[in-house]
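First comes the structure, then the notes that go with it.
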Amino acid sequence: MASDAARDLKSSFQGRVRTEMERKALTTGPATMGATTSAGTSLIPAMRLPGIDMIRLPQPTLRSLIPSGATSSPIIEFVRQKSFTNKAAPVAEGAAKPYSDMSFELSRANVAVIAHLFKASKQALDDAPELVSIINAQGVAGLEQVEEYQFMYGDGTGANILGLMKQATAFAAPAGLTVSDAALDTIRMAMLQASLSLYPATGIVLHEIDWFRITSVKDGIGRYVLGDPQSVATRSLWGLPVVVSNTIRQGDFLVGAFATGAQIFDRQSVAVEVATVGDDFEKNMVTVRIEERTGLVVYRQQSFITGTLPPDATAEKKS
Numbered sequence: 001m002a003s004d005a006a007r008d009l010k011s012s013f014q015g016r017v018r019t020e021m022e023r024k025a026l027t028t029g030p031a032t033m034g035a036t037t038s039a040g041t042s043l044i045p046a047m048r049l050p051g052i053d054m055i056r057l058p059q060p061t062l063r064s065l066i067p068s069g070a071t072s073s074p075i076i077e078f079v080r081q082k083s084f085t086n087k088a089a090p091v092a093e094g095a096a097k098p099y100s101d102m103s104f105e106l107s108r109a110n111v112a113v114i115a116h117l118f119k120a121s122k123q124a125l126d127d128a129p130e131l132v133s134i135i136n137a138q139g140v141a142g143l144e145q146v147e148e149y150q151f152m153y154g155d156g157t158g159a160n161i162l163g164l165m166k167q168a169t170a171f172a173a174p175a176g177l178t179v180s181d182a183a184l185d186t187i188r189m190a191m192l193q194a195s196l197s198l199y200p201a202t203g204i205v206l207h208e209i210d211w212f213r214i215t216s217v218k219d220g221i222g223r224y225v226l227g228d229p230q231s232v233a234t235r236s237l238w239g240l241p242v243v244v245s246n247t248i249r250q251g252d253f254l255v256g257a258f259a260t261g262a263q264i265f266d267r268q269s270v271a272v273e274v275a276t277v278g279d280d281f282e283k284n285m286v287t288v289r290i291e292e293r294t295g296l297v298v299y300r301q302q303s304f305i306t307g308t309l310p311p312d313a314t315a316e317k318k319s
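1 is the number of the first residue of the sequence shown in this note's numbering; add one for each residue after it.
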């Protein structure tokens, strides 16, 4: 060692002594930055901040609008009235009374399994307890993100849920009214369409960018149509709550009787399970499974109206 050679040089100098010095910079032992950081062997160790900066995921919103229940079956069936022919009429004395008629149909919705897995080493989970909570939080959030998309756009094929947008009634201006190039007019007409179908809307779902466009509309003297920016206002239009979602596609809208027209049924709420499977035990690995079983029932398609907003919200009428 260089230190031993130096000591020998001091204690028994008898001419010339050659020593080999370790070629290493004082401030890097090893490097203080990058993948080779080692706080225990560096003169100036890197500062490690506590915690982990996690990726943000969209927050689910549809469950706040739709009532939920529980089921013990993988299939949900319900009877829906298909038609009603009303022949009721005033009848003269002694005349035959008319017959009315109605028909019914059996409808069904499947309960879907939504799940994903994580692999982690037992040592990592033991040595970094925070990793367990991160897997739980992100894993559940990822599951809810897919659930939200299924409730909105699921096409019902294979293991998919049949979502609201696939069952909703297409927007059409009520008789005697003309669709304008104003987004607010379109939404108001969709509310009217739902009311005329005897299923008054209880909520509106819009993409965040579309909501921004609508709230940015100004009148002829530069005032915001939907109120003072300094006021604390709830997201609502004509008394209905507006749910801003990044799941619904930009340009789409959904107006509906969420409180009565649909229901979520949970067969199994979100569960997080940890186990050793396959060769996990011999490799000191664990498998984390995050899973739920849920389904969506839409009782009446007329309860929901969907369509496309005009491309330019700035075309709102100004006064």
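Even glycine gets a Cβ: it sits at the ideal position worked out from N, Cα and C.
query	result
Rounded to whole angstroms, what is the Cα-Cα separation between SER64 and SER269?	16 angstroms
Flag this pair as yes or no: are the beta carbons of LEU143 and ILE290 separated by less than 7 angstroms?	yes
If contacts are defined as beta-carbon pairs under 8 angstroms, then SER195 and THR61 qualify, I think. What distance do you get, rounded to the angstrom?	With 8 angstroms as the limit, SER195 and THR61 do not qualify as a contact, their Cβ atoms being about 23 angstroms apart.
Can you round the beta-carbon distance between ILE305 and GLY261 to whole angstroms, since I take them to be within the 8 angstroms contact cut?	Not really, about 10 angstroms apart at Cβ, beyond 8 angstroms.
Grouping DSSP H, G and I as helix and E and B as strand, with all else coil, what is MET54?	coil
Output the distance between the C-alpha atoms of PHE118 and ALA271, rounded to the nearest integer angstrom.	14 angstroms
Excluding five sequence neighbours on each side, which residues of the same chain lie with their C-beta closer than 8 angstroms to the C-beta of VAL243?	THR61, LEU62, SER64, LEU65, GLY203, ILE204, VAL205, LEU206, ARG235
Measure the alpha-carbon distance for SER48 versus GLU130 and round it to whole angstroms.	The amino acid occupying residue 48 in the given sequence is Arg; Ser does not appear at that position. Using only the alpha carbons, I get a separation of about 15 angstroms.
How would you call ARG223, buried or exposed, if buried means at least 16 neighbouring beta carbons within 10 angstroms?	exposed
Identify every residue that forms a DSSP beta bridge with TRP288.	The sequence as given places Val at residue 288; Trp does not occur at that position. Paired residue(s): PHE118, VAL274.
Within the continuous alpha helix (DSSP H) that includes GLY136, where are the two ends?	As written in the sequence, residue 136 is Asn, which differs from the Gly given in the question. Taken as a continuous stretch (DSSP letters only), the alpha helix (DSSP H) holding ASN136 covers 129 to 153.
By the three-class DSSP mapping on this structure, what secondary structure does ALA46 have?	coil
To the nearest whole angstrom, what separates the beta carbons of VAL298 and GLN167, a pair I think is in contact under 8 angstroms?	5 angstroms
Any idea what DSSP makes of ASP101, helix, strand or coil?	strand
Buried or exposed, going by whether 16 or more other CB atoms sit within 10 Å of the CB of LEU162?	buried
Give a yes or no on whether the C-beta atoms belonging to LEU309 and ASP210 are separated by under 7 angstroms.	yes
Could you pull out every residue in the same chain whose Cβ sits closer than 7 angstroms to the Cβ of HIS101, ignoring the five residues on either side in sequence?	According to the sequence as given, residue 101 is Asp; it is not His. THR85, listed in sequence order.
Using CA atoms only, rank isn't needed, just tell me which of VAL217, GLU282, GLY295 is closest to LYS320.	The first residue shown for the chain is 1 and the last is 319, placing residue 320 beyond what the model contains.
Alpha carbon to alpha carbon, how far is ALA25 from ILE44?	In this prediction, ALA25 scores a pLDDT of 48, lower than 50, which makes its location untrustworthy; the coordinate-derived value is nonetheless stated afterwards. For ALA25 and ILE44, the distance between alpha carbons rounds to 12 angstroms.
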